[in-house]
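2 protein chains.
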Amino acid sequence: MSERAISREGERWVGAFDATTDPALRSWVDVDPGSDFPIQNLPLGVIETDRSTARCGLAIGAQVVDLARLAEAGAFDGIVPHARVVFSAPALNAFLALGRHVWRAFRERMSALLSVHASAEARTIVAPCLLPMRDVAMRMPCTIGDYIDFYASLEHATNLGRILRPSGDALLPNYRHIPVGYHGRAGTVVPSGTAIVRPSGQVVQAGGSAPAYVPTQMLDIETEMGLVTGAGPPMGTAVRIDDARDLAYGYVLLNDWSARDIQAWEYQPLGPFLSKSFATSISPWVVSLDALEPFRVAGPSQEPAPLPYLRASQSWAYDIAITARLATPRMRTRNQPSQTIVETNLRGMYWHFAQQLAHATANGASVRAGDLFGTGTISGSEPRAYGSLIELTWRGRDPLAIGDETRTFLEDGDTVDMRAVCLRDGVRIGFGELVGTISPAR
Amino acid sequence: MSERAISREGERWVGAFDATTDPALRSWVDVDPGSDFPIQNLPLGVIETDRSTARCGLAIGAQVVDLARLAEAGAFDGIVPHARVVFSAPALNAFLALGRHVWRAFRERMSALLSVHASAEARTIVAPCLLPMRDVAMRMPCTIGDYIDFYASLEHATNLGRILRPSGDALLPNYRHIPVGYHGRAGTVVPSGTAIVRPSGQVVQAGGSAPAYVPTQMLDIETEMGLVTGAGPPMGTAVRIDDARDLAYGYVLLNDWSARDIQAWEYQPLGPFLSKSFATSISPWVVSLDALEPFRVAGPSQEPAPLPYLRASQSWAYDIAITARLATPRMRTRNQPSQTIVETNLRGMYWHFAQQLAHATANGASVRAGDLFGTGTISGSEPRAYGSLIELTWRGRDPLAIGDETRTFLEDGDTVDMRAVCLRDGVRIGFGELVGTISPAR
Chain A
20 MSERAISREG ERWVGAFDAT TDPALRSWVD VDPGSDFPIQ NLPLGVIETD RSTARCGLAI
80 GAQVVDLARL AEAGAFDGIV PHARVVFSAP ALNAFLALGR HVWRAFRERM SALLSVHASA
140 EARTIVAPCL LPMRDVAMRM PCTIGDYIDF YASLEHATNL GRILRPSGDA LLPNYRHIPV
200 GYHGRAGTVV PSGTAIVRPS GQVVQAGGSA PAYVPTQMLD IETEMGLVTG AGPPMGTAVR
260 IDDARDLAYG YVLLNDWSAR DIQAWEYQPL GPFLSKSFAT SISPWVVSLD ALEPFRVAGP
320 SQEPAPLPYL RASQSWAYDI AITARLATPR MRTRNQPSQT IVETNLRGMY WHFAQQLAHA
380 TANGASVRAG DLFGTGTISG SEPRAYGSLI ELTWRGRDPL AIGDETRTFL EDGDTVDMRA
440 VCLRDGVRIG FGELVGTISP AR
Chain B
20 MSERAISREG ERWVGAFDAT TDPALRSWVD VDPGSDFPIQ NLPLGVIETD RSTARCGLAI
80 GAQVVDLARL AEAGAFDGIV PHARVVFSAP ALNAFLALGR HVWRAFRERM SALLSVHASA
140 EARTIVAPCL LPMRDVAMRM PCTIGDYIDF YASLEHATNL GRILRPSGDA LLPNYRHIPV
200 GYHGRAGTVV PSGTAIVRPS GQVVQAGGSA PAYVPTQMLD IETEMGLVTG AGPPMGTAVR
260 IDDARDLAYG YVLLNDWSAR DIQAWEYQPL GPFLSKSFAT SISPWVVSLD ALEPFRVAGP
320 SQEPAPLPYL RASQSWAYDI AITARLATPR MRTRNQPSQT IVETNLRGMY WHFAQQLAHA
380 TANGASVRAG DLFGTGTISG SEPRAYGSLI ELTWRGRDPL AIGDETRTFL EDGDTVDMRA
440 VCLRDGVRIG FGELVGTISP AR
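Heads up: the sequence lines are chains A and B, in that order.
According to this note's numbering, the first sequence is numbered sequentially starting from 20.
According to this note's numbering, the second sequence is numbered sequentially starting from 20.
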């Protein structure tokens, strides 16, 4: 495997391929070369069909493995404790709580069962558990315990500082010391496809001083990823940064819908609240860090060096290319394709998940299986890599051309579609789609 | 009942007694006159004994009713759907999800079963379900979905503004328009008695500019109450303020432990995070709004009038007297009683729960059964009514005399004990005790 650890980009990669991510690995299940879900991926989600209640599933190509049924057939005996109960649950939480050793053993078992080297007997067990993905509805992958949203892109924080505090320093003094974050609303994290109703709230119109309760006129996206966690140590114990990996299961795409006019009026002194809490969308397939390992890269340097509890012995940045596309109702009527408005990458984030996990538990706060750590808006230094409309349009000053229309913020009927993909040596690990369409205010 | 609605304080009361809160009502279970839990109260919690797993319970005097066992005996047939399942759960969430009509019917049934007018047969059913409270361990009353902490005391917000922004306006411009709040960490809400480990975090020492990771030296209390909710409408639908009562089950005492030095460095621009997330303690018995109804009073007037969606057709203030007491290790060694440091009352809060529920859902955010709405620190206008040490000692400038010691903030081994009680016409509705002791930093 060692020769594959050296990619054509030379020193770009920190992570290496292993037996489950080997580019040469193929599945006996037919997988299109452009699929997000080759055998190297094996993402988990919660599936529901006309014939069955919600249970855990795994994506392979254009098919889904019904893990409840596969567990029933004994495929995880001796590997996943109580596998029948764990995988017949309508959420991944029980699996996430089992910890990294079980996650790894499960991955290796699934890789073996789906590989072209699988025995005829293994194929006979798996084949009846395969469902066409088009027949399956995706639910929330887990019950979210606590949802933290971070602010890990220095470029995003700088842009927001310039826009919101034009007369002050763009970056606040704590930014390079603290992985700044806050708690969002776990109960309104929803899966891809959920309609997003335009929120109403208190807004102070330009030039006014008294607020009105009106539908937001500054409805925005935030292009993010979210880390789904396993269970941490009991309350009172901080997670050491070099142990953070053991708590981190994997990533989803995340769109932290935001109402900028509501935010501007409400956020002092306790932070964003209703401007964010109406909805946060996530993609339904959770891609494990094991699948992402070959795409681990060196992150940006940090100056000043963070405090020792935030210094990791290795980099936890990932080269994940992320796009957001916008389709207006007019474009859909004309059958025009959606237009890319964001092209960014997770690799440039100032703070990585291990720092966020170490920080979030530095005071002894506990982490539960199924907690969600949003990265914060992923913005790069190029304007095309800005992850939100407030940045892309500089708070509406510079409208975006979308086909023969323009946009400052989202209008009713607009659809936002996010995608993320990792590419290396012919392996393509994707995240599926994260889509949401704006419904009119009620 | 009408003559009792007019209390000796004349127009003070807005709420009235009913058949379940009638001061003349007595239980066949012996209840001490000073008990927090007379038959007019009937609070719910989650109990555990040596002989049984956690399940739902109800307090009456110095005894606890095992509701799982009482349901098994058929006491709630036709009243609480799936009562055997609901009450044998280790959390009140399923009961909370059943809604106000069931809550009311359950209350009336329990009142009838425990009343001196109960039949001999009823007593025969209930008696085997009674457990001495001293033999019962109290767990979290419910799994907290989302925890919001508000900032509803104008006096507290003004004090904090004066302390933290001495050169600016004490009250920010949005305060009288918005029931300001933010999301706290649901996973670290813990029941009374849980040890509170002194948190460490990033602190910038006075005169310094770079942070150090050290144990907090400004560990504080926040004297609060918390509203435990039922389930609201689906996402996308705001709760009308005059419907908010239907979503509100009842109150617990709440201590939002806070590390003021960590808070000062971290809270810009996204609000408090690690300064709060290490622990929030609540009392284990949830007192229903039905039990509190006779103690409803007119709240403070609001100027300017809030926006229409925040205007309730009646007052939702409650006259609940709250105290916090402090005992130092030295006092405990000498068998000295704890000393009262806070004497405050919920009635003076600028924003009430119906406004908070209407506001928190004004953007379409949903509410789940078991969400927790903290009031924010309950401070009155008199210094003795300040609900936190940062106010009581004016951020350490004016130490408190505690016995022959002094305190600015909490020291290791200090125990804080909060109590709350409602009194009217001889009826005493109490909340039990909320206690926490500080353990040294790890």
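Backbone N, C-alpha and C define an ideal beta-carbon position, used for all residues, glycine too.
Quantities reported herein were computed from a predicted structural model and do not represent experimental measurements.
Cross-chain neighbours of residue i in chain B, by beta carbon under 8 Å
{"i": "A:I301", "result": "Here the premise fails: no neighbours, minimum Cβ distance about 14 Å."}
{"i": "A:H101", "result": "Within chain B, no residue comes near A:H101; the closest Cβ sits about 18 Å away, beyond 8 Å."}
{"i": "A:T207", "result": "M254, A384, S385"}
{"i": "A:R474", "result": "Any property of residue 474 of chain A remains undetermined from this structure, which presents chain A solely from 20 to 461."}
Three-state secondary structure assigned by DSSP to residue i
{"i": "B:D85", "result": "strand"}
{"i": "B:S21", "result": "With a pLDDT of only 36 at B:S21, under the threshold of 50, the placement of this residue in the model should not be trusted; the figure read from the coordinates follows. Helix, per DSSP."}
{"i": "B:N274", "result": "strand"}
{"i": "B:Q59", "result": "coil"}
{"i": "A:D49", "result": "coil"}
{"i": "B:E91", "result": "helix"}
{"i": "A:R27", "result": "With a pLDDT of only 44 at A:R27, under 50, the local geometry of the prediction cannot be trusted, and the value read off the model is given with reservation. It is coil, neither helix nor strand."}
{"i": "B:E430", "result": "coil"}
{"i": "A:I260", "result": "helix"}
{"i": "B:D265", "result": "helix"}
{"i": "B:D462", "result": "Since the first residue shown for chain B is 20 and the last is 461, residue 462 of chain B is missing from the structure and cannot be characterised."}
{"i": "B:S134", "result": "strand"}
{"i": "B:L115", "result": "helix"}
{"i": "A:E241", "result": "coil"}
{"i": "A:R103", "result": "helix"}
{"i": "B:R126", "result": "helix"}
{"i": "B:D444", "result": "coil"}
Cα-Cα separation between residue i and residue j, rounded to whole angstroms
{"i": "B:L345", "j": "B:D436", "result": "6 Å"}
{"i": "A:S219", "j": "A:E410", "result": "22 Å"}
{"i": "A:V306", "j": "A:L77", "result": "10 Å"}
{"i": "A:A420", "j": "A:S357", "result": "12 Å"}
{"i": "A:K295", "j": "A:A73", "result": "28 Å"}
{"i": "B:V258", "j": "B:T359", "result": "39 Å"}
{"i": "B:V99", "j": "B:C75", "result": "13 Å"}
{"i": "B:A87", "j": "B:P459", "result": "39 Å"}
{"i": "B:G451", "j": "A:S107", "result": "41 Å"}
{"i": "A:G196", "j": "B:F292", "result": "In the sequence as displayed, the identity of residue 196 of chain A is His instead of Gly. Looking at the two C-alpha atoms, the distance is approximately 15 Å."}
{"i": "B:P57", "j": "B:A384", "result": "37 Å"}
{"i": "A:G399", "j": "A:Y337", "result": "14 Å"}
{"i": "A:L44", "j": "A:H136", "result": "9 Å"}
{"i": "B:P402", "j": "B:W413", "result": "10 Å"}
{"i": "B:L89", "j": "B:R70", "result": "16 Å"}
Residues that residue i contacts on chain B, provided the C-beta gap is smaller than 7 Å
{"i": "A:V222", "result": "Correct list: empty, because the minimum Cβ distance to chain B is about 11 Å."}
{"i": "A:V133", "result": "In the sequence under discussion, the amino acid at residue 133 of chain A is Leu, which differs from the Val named in the question. Residues of chain B passing the Cβ test: none, with the nearest at roughly 35 Å."}
{"i": "A:Y170", "result": "L289"}
{"i": "A:H196", "result": "Q221, P230"}
{"i": "A:V216", "result": "G255, G383"}
Chain-ordered neighbours of residue i on chain A, where CB pairs are closer than 7 Å
{"i": "B:W47", "result": "The contacting residues do not exist; B:W47 stays about 41 Å from chain A at best."}
{"i": "B:Y405", "result": "Those within 7 Å of B:Y405 in chain A number zero; the least Cβ separation is about 18 Å."}
Proximal residues to residue i (C-beta, below 6 Å), its chain only, five neighbours per side dropped
{"i": "B:A189", "result": "T177, G180, R181"}
{"i": "A:L115", "result": "G249, Y268, A388, G389"}
{"i": "A:A340", "result": "N364, V440"}
{"i": "B:D431", "result": "I457, P459"}
7 Å Cβ shell around residue i - same chain, five flanking residues per side excluded
{"i": "A:P9", "result": "In the structure as shown, chain A begins at 20 and stops at 461. Residue 9 of chain A is therefore absent and cannot be evaluated."}
{"i": "A:N112", "result": "C161, T162, A388, G389"}
Neighbouring residues, chain A, relative to residue i (Cβ below 9 Å)
{"i": "B:E430", "result": "Residues of chain A passing the Cβ test: none, with the nearest at roughly 18 Å."}
Residue i: contacting residues in chain A (beta-carbon distance under 8 Å)
{"i": "B:W122", "result": "None at all; the shortest Cβ gap to chain A is about 21 Å."}
Same chain, Cβ closer than 8 Å to residue i, neighbours up to 5 away in sequence not counted
{"i": "B:F169", "result": "P198, V199, G200, W370, Q375, F392, G393, T394, G395"}
Near the ligand ATP: residue i beta-carbon under 7 Å from a heavy atom
{"i": "A:A156", "result": "Of ligands this structure carries none, so the ligand ATP is not represented either."}
Contact set between residue i and chain B, taken where Cβ atoms lie within less than 9 Å
{"i": "A:T40", "result": "Those do not exist, as A:T40 stays about 32 Å from chain B at its closest Cβ, beyond 9 Å."}
{"i": "A:F372", "result": "Near A:F372 there are no residues of chain B at all, since even the closest Cβ is about 16 Å away, more than 9 Å."}
{"i": "A:Y201", "result": "Y201, H202, L289, G290, P291, F292"}
Original post:
What residue ranges within the stretch 352-416 of chain B form continuous alpha helix (DSSP H) runs of no fewer than 4 residues, ordered along the chain?
Top reply: Listed in chain order, they are 372-379, 408-411.
Subject >> Completely contained alpha helix (DSSP H) runs for the stretch 290-360 of chain B, where each covers 4 or more residues >> reply: Within the stretch 290-360 of chain B, the complete alpha helix (DSSP H) runs of at least 4 residues are 293-296, 308-311, 348-352.
**OP:** Output the residue ranges of the alpha helix (DSSP H) runs that lie fully inside the stretch 143-226 of chain A and measure 4 residues or longer, sorted by chain position.
**Re:** The stretch 143-226 of chain A contains these whole alpha helix (DSSP H) runs: 173-183.
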